[in-house]
């Protein structure tokens with residue numbers, strides 16, 4: 017279901033100078049005990065982005081997943097880029113989240129970095145994100161203009177491919193634009209990215225899904241060491257990222 021999306025994502029990363037990074041042993045690929053599911057991951061570094069992870073889960077007709085997060089360098093206060101696509105074939109159900117995940121929710125930050133995403137939401141009203149996500153506070157690390165959909169095959173094969181291409185184009189435009197920022201110091205960017213990992217690791221709904229396919233021990237390692245390695249750092253002071 018998502019192979020074309022994966023190829024498009026990797027092509028953009030490689031065209032922008034992406035170099036593969038080493039993945040912790042045993043986490044790059046895993047097969048389920050029954051042999052019905054396989055999960056593969058990639059890790060990249062490229063100019064301006066210190067860490068870009070990509071994961072593809074193929075469980076045949078029961079489930080298809082594409083997940084990715086890009087972490088800009090600490091000297092850039094740009095938002096993280098988040099992709100989460102799930103297709104439940106038996107139920108013909110799509111869940112799609114595409115977002116520029118802001119480090120801050122201040123008007124200045126959103127105006128500086130998220131204008132391209134705001135325009136995309138106007139372009140794709142069927143992915144307007146009006147239905148609230150269930151696992152997260154939308155006022156922390158999610159933008160007001162995320163593209164979000166609970167749909168069916170019509171959206172999966174219709175608007176989503178076009179929206180995905182436009183979304184990547186908008187993020188590359190933000191990435192390649194002159195770096196103005198809002199004046200966050202690299203140490204503060206690092207702190208906010210770490211808080212993002214800690215916040216996300218506590219709430220990630222995919223952890224239970226991965227556990228059901230690949231077991232708890234592997235899934236715990238995958239969550240902490242690959243998906244959100246910042247969650248292993250010392251706890252940071254509580255930081256309110258809402259306005």
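In the numbering used here, the protein residues as written are 17 to 259. Ideal placement from N, C-alpha and C gives every residue a C-beta, glycine not left out.
For residue 67, no alpha helix (DSSP H) run applies; the uninterrupted beta strand (DSSP E) run containing it begins and ends at 65 to 74, by DSSP. For residue 161, the three-state secondary structure derived from DSSP is coil.
For the options 89, 105, 94, 26, the alpha carbon positioned closest to that of residue 198 is the one of 94. Residue environment: residue 223 is assigned as buried (16 or more neighbouring CB atoms within 10 Å of its CB, all protein chains considered).
In the three-state reduction of the DSSP assignment, residue 121 falls in the coil class. Per DSSP, the unbroken beta strand (DSSP E) holding residue 99 starts and ends at 96 to 104.
In this structure, residue 164 sits near residue 115, with a CB-CB distance shorter than 9 Å. Annotation for residue 57: 39, 43, 44, 69, 70, 71, 242 place their beta carbon closer than 7 Å to its own, counting only its chain and skipping 5 residues before and after. Distance from the CA of residue 41 to the CA of residue 234, rounded to the nearest whole angstrom, comes to 11 Å. Residue pairing from DSSP places residue 55 in a beta bridge opposite 46, 73. The three-state secondary structure of residue 167, taken from DSSP, is strand.
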